[in-house]
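Residue numbers (full-length UniProt numbering): 1 to 257.
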């Protein structure tokens with residue numbers, strides 16, 4: 001499937017209307033390497049298929065390697081989906097204390113609630129949903145695509161096992177359908193739709209400004225009320241002290257004389 005640039009690259013302010021922007025785009029690893037970056041979007045992990053903006057990707061494949069880098073901070077699992085390419089899927093471990101020799105240690109906790117990584121004999125042991133993740137396990141990996149040393153990586157948002165071959169086949173059917181229905185043709189955003197989105201954005205800005213103004217007005221009113229209460233308290237104190245003998249506010253103790 002060819003991913004040559006086709007169709008207008010629309011400004012990012014319109015991406016909420018894109019059929020791919022807030023979706024898990026079902027791709028193969030080989031197609032991940034065909035995703036393009038466009039001028040003006042570098043370093044934002046925004047990729048393009050034709051003119052479709054893509055930030056979230058779903059892959060299915062088996063884990064064929066597990067490594068740790070950066071002193072154990074990151075866990076890299078290599079995913080192979082038999083499409084002719086592999087990709088590293090990346091997890092970060094939570095930092096622990098500093099060891100006696102001055103090295104930072106890392107906890108089994110990762111940035112995914114259902115994944116733990118402990119180290120045994122210097123090797124990472126990944127636990128997925130409380131079960132050790134063996135090499136060859138087929139998983140669904142979802143996340144954002146990044147680039148490291150000219151290689152693509154997926155920064156994981158979710159990871160789960162594929163329960164059986166039927167579920168795996170269903171995934172590939174969805175990949176084919178997604179390409180046919182969505183990625184097979186350029187995204188077209190009419191002038192009328194763009195004007196509609198512009199007006200909606202203007203209304204949202206006006207609404208936000210109105211809310212900010214209301215909050216400021218409410219805060220100013222509260223401040224005035226607090227000042228009025230303080231003035232009344234001071235006046236009441238003056239009234240109560242009227243007619244009092246000088247120095248009567250100082251209560252003498254029996255041993256003061």
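Glycine residues also receive a C-beta, built at the ideal position from the N, C-alpha and C atoms. Bear in mind the structure is a predicted one, so any value in this text is a computation, not a measurement.
Taking the C-beta atoms as reference points, residue 25 is found no nearer than 8 Å to residue 60.
Between residue 45 and residue 145 the beta-carbon gap is near 6 Å, inside 8 Å, which marks them as a contact. Distance check between residue 70 and each of 106, 196, 42 places 106 closest, using alpha-carbon atoms only.
By the Cβ neighbour-count rule, residue 96 is exposed, with fewer than 16 other Cβ atoms within 10 Å of its own. When DSSP states are grouped into helix, strand and coil, residue 13 belongs to the helix group. When the alpha-carbon of residue 191 is set against those of 161, 6, 11, 5, the nearest one is in 11. Closest in C-alpha terms to residue 185, from the list 160, 239, 52, comes 52. Burial is judged here by how many other beta carbons sit within 10 angstroms of a residue's own beta carbon; residue 124 has at least 16 and is buried. Just measuring C-alpha positions, the residue of 161, 233, 129, 68 sitting nearest residue 121 is 68. Looking at the DSSP output, residue 54 sits in a beta bridge with 47. For residue 79, DSSP records a beta bridge to 63, 87.
Of the candidates 165, 126, 164, 126 places its Cα closest to the Cα of residue 74.
Remark: C-beta atoms of residue 156 and residue 173 do not approach each other more closely than 8 Å.
For the 8 Å CB-CB criterion, residue 119 and residue 91 do not form a contact. Here DSSP, grouped into helix, strand and coil, assigns residue 153 to strand.
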